[in-house]
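Undergrad: Numbering (UniProt numbering), first residue to last: 1 to 421.
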């Protein structure tokens, strides 16, 4: 049996993925700064920027208007999520030609375990990676950077080094951890964000090496003092990450049981100041949640409503939940509970974001009957509607209320993940 240190795992990351796909589709923009965002919304965010745009100070998540100020020649292209998904799937197929162990980490990042397939390249890892990079580049126009390691976590962190290398590759293993990884500031460690960085600083921890060299018991003690008794699991995770310990395999084709189904929508707060406008969006989100739950044959026992309120200057966010009398994926039952939750806790301020979810999921193979409602009949009707939408598009059948100015269902029908298809 192979020992963990003998595994060869790659994390292949697509450089400026959305922007690279657009530049490949528009050769006339080859030498121009390109960003992906909505050019009609100056306050919208930049989803991706090509290296030329980044050299002018354009960054991901910056505002479109701000990006145009920094780079007046910037070409802003409206996102096409369906195209990006197709290209991502094509890249997956390319990887599968090199190993059958390919695991998607995100739309532009994938793990490859090449331990067993490397022999097809005579054991020459450098040649294999170069072949993968050229194959993807010639097929899609997208350049990939590859992190190499004996574990998924080390391959992921090695990828951060690869992004700075001309050839786009870097290897991080147990022989060079101390010299390459440990001197880095703690905020550069995987899964350490701003709040956790501040906590580590309060503990006197400033580098990744500070965690790696510390005894696990001491790290747990410090984290308990700073963050409470519930931090033991986090302490063990960070300690193992700093040392590159990650026995998890690269898996493919496995879908874990869903724990929740939810949808949310960012809103233009000045348009959602009254209950009638907000109620339209609330119902639309419930329809999407229930439709998705039925698709995967689930019902939820708990309904949650998450709200962000604003007066234009300050914001307030909160989340409330309620348990349903019976598990449900029926729109009218979930909508009634969500409406009550919202009305009972809304302060009256305009709404800038609204989200609905159901949790404590169970399979819908058995449904509790009630005395006054034919729930089986209602479920059959909603599944028939689902089938029509699946075949002809989500806009094929739509509630009349969604045609009001406050409705967002038609707009969402043209989007994937909140961005245009």
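Beta carbons are placed, not taken as given, at the ideal position from N, Cα and C, and that holds for glycine. This structure is a prediction, so every number in the text was calculated from the model and none was measured.
Can you give me the C-alpha to C-alpha distance between residue 194 and residue 121, rounded to a whole angstrom?
TA: Translated into the one-based positions of the chain shown, residue 194 becomes position 194. Translated into the one-based positions of the chain shown, residue 121 becomes position 121. Distance between the alpha carbons of residue 194 and residue 121 is about 42 Å.
Undergrad: Going by Cα to Cα distance, which pick from 141, 389, 92 is closest to residue 16?
TA: Numbered from 1 along the chain shown, position 16 holds the residue referred to as residue 16. When only C-alpha atoms are compared, the closest one is 141.
Undergrad: Could you pull out every residue in the same chain whose Cβ sits closer than 7 Å to the Cβ of residue 118, ignoring the five residues on either side in sequence?
TA: The residue labelled residue 118 in the question sits at position 118 within the chain shown. Contacts found: 8, 125, 128.
Undergrad: My assumption, with CB atoms under 8 Å, is that residue 74 sits in contact with residue 53. Please give the rounded CB distance.
TA: Numbered from 1 along the chain shown, position 74 holds the residue referred to as residue 74. Numbered from 1 along the chain shown, position 53 holds the residue referred to as residue 53. 6 Å between Cβ atoms; contact.
Undergrad: Which two residues bound the contiguous beta strand (DSSP E) that contains residue 355?
TA: Locating residue 355 in the chain shown gives position 355, where the first residue counts as 1. Its beta strand (DSSP E) spans residues 351-363.
Undergrad: Leaving out five residues on either side along the sequence, give the residues of the same chain with a beta carbon under 7 Å from the beta carbon of residue 328.
TA: The residue labelled residue 328 in the question sits at position 328 within the chain shown. The answer, listed in chain order, is 299, 300, 334.
Undergrad: Taking the beta strand (DSSP E) that residue 263 belongs to, which residues open and close that run?
TA: For this step, residue 263 is matched to residue 263 along the chain shown. Residues 260-266.
Undergrad: Could you tell me the boundaries of the alpha helix (DSSP H) in which residue 88 lies?
TA: Translated into the one-based positions of the chain shown, residue 88 becomes position 88. Segment 81-96, the alpha helix (DSSP H) holding residue 88.
Undergrad: Does the Cβ of residue 289 have 16 or more other Cβ atoms within 10 Å, making it buried, or fewer, making it exposed?
TA: Residue numbering aside, residue 289 sits at position 289 when the chain shown is read from its first letter. Buried is the call here.
Undergrad: Could you give the residue range of the alpha helix (DSSP H) that holds residue 62?
TA: Counted from its first residue, the chain shown places residue 62 at position 62. Residue 62 -> no alpha helix (DSSP H), and no H or E assigned at all.
Undergrad: If you reduce the DSSP assignment to three classes, tell me which class residue 179 lands in.
TA: Along the chain shown, read from residue 1 onward, the residue named residue 179 stands at position 179. Reduced to three states, the DSSP call for residue 179 is helix.
Undergrad: Residue 388 by DSSP, collapsed to three states: which one?
TA: Here residue 388 refers to the residue found at position 388 of the chain shown. Of the three classes helix, strand and coil, the one that applies to residue 388 here is helix, per DSSP.
Undergrad: When we look at the beta-carbon of residue 165 and count the other beta-carbons within 10 Å, is it buried (16 or more) or exposed?
TA: Taking the chain shown and counting its residues from 1, one reaches residue 165 at position 165. Result: exposed.
Undergrad: When DSSP labels each residue in this structure, what does residue 223 get in the three-state scheme?
TA: Residue mapping note: residue 223 aligns to position 223 of the chain shown, counting from 1. The answer is helix: DSSP assigns residue 223 an H, G or I state.
Undergrad: Counting only beta-carbon separations shorter than 8 Å, does residue 238 have a partner in chain C?
TA: Structure shown: chain C not included; a single protein chain is present.
Undergrad: Taking buried to mean at least 16 other C-beta atoms within 10 Å of its own C-beta, is residue 278 buried or exposed?
TA: The count along the chain shown starts at 1 and reaches residue 278 at position 278. So residue 278 counts as buried.
Undergrad: Have a look at residue 1 and residue 14 and give me their C-alpha separation to the nearest angstrom.
TA: Along the chain shown, read from residue 1 onward, the residue named residue 1 stands at position 1. Along the chain shown, read from residue 1 onward, the residue named residue 14 stands at position 14. Confidence in residue 1 is poor, its pLDDT being 37 and thus under 50, which makes the residue's placement too unreliable to answer from.
Undergrad: Taking DSSP's pairing of strands, which residues face residue 109 in a bridge?
TA: Within the chain shown, numbered from 1, the residue matching residue 109 stands at position 109. DSSP, once it has assigned bridges, lists 13, 106 as partnering residue 109.
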